[in-house]
């Protein structure tokens with residue numbers, strides 16, 4: 001067995017331990033250059049935070065430990081197929097790879113699949129179950145639009 005299998009087995013072991021503590025069956029191991037940087041388990045029930053997924057907990061821990069918001073080149077090993085929220089976070093932080101043990105199809109009989117969420121988010125905004133619309137913000141006299149203000153601030157603070 002190689003490192004991939006070891007890291008994946010570690011994620012599944014974390015998930016099993018979380019189940020034994022009353023949590024959901026999800027664990028994650030975040031690896032950079034062959035070294036475990038952070039781990040996480042699903043803590044939704046413990047924290048009442050619906051974003052406390054195993055992968056996001058590992059991402060939060062890794063970013064805090066490394067002192068940076070990017071995780072370029074990292075690999076996530078997860079006990080289950082990442083949900084759209086977790087996968088989006090991995091895309092947005094620069095992950096190179098995701099390896100998971102159990103698929104949405106395997107999770108579905110237990111009510112743990114996120115396939116419906118993937119399908120919903122693939123629809124155009126106007127067709128999604130949540131009403132999503134754009135509305136122009138109020139303007140503030142003498143203030144530039146928000147993104148322009150950000151770009152100007154970045155340009156002056158990065159000198």
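In the UniProt record's numbering, the protein residues as written are 1 to 159.
We put the CB at the ideal spot given by N, CA and C, even for glycine.
- Burial is judged here by how many other beta carbons sit within 10 angstroms of a residue's own beta carbon; residue 148 has fewer than 16 and is exposed.
- Counting only the Cα atoms, residue 89 lies some 8 Å from residue 56.
- Counting along the chain, residue 79 sits inside no alpha helix (DSSP H); it lies in the beta strand (DSSP E) bounded by residues 75 to 80.
- Residue 45 sits in a helix when the DSSP states are folded into three classes.
- Around the beta carbon of residue 3, a 10 Å sphere encloses fewer than 16 other beta carbons of the protein chains shown; the residue is thus reported as exposed.
- Distance from the Cα of residue 51 is smallest, within the candidate group 102, 150 and 82, for 82.
- A contact between stretches requires three or more CB pairs, one per stretch, nearer than 8 Å, and the region 19 to 39 fails this requirement with the region 121 to 138.
- Fewer than three Cβ pairs drawn from the region 110 to 120 and the region 134 to 144 lie within less than 8 Å of each other, which leaves the two stretches out of contact.
- Judged by DSSP secondary structure, residue 65 falls within the alpha helix (DSSP H) whose first and last residues are 54 to 66.
- By the 16-neighbour rule on beta-carbons within 10 angstroms, residue 80 is buried.
- DSSP places residue 146 inside the alpha helix (DSSP H), whose first and last residues are 146 to 157.
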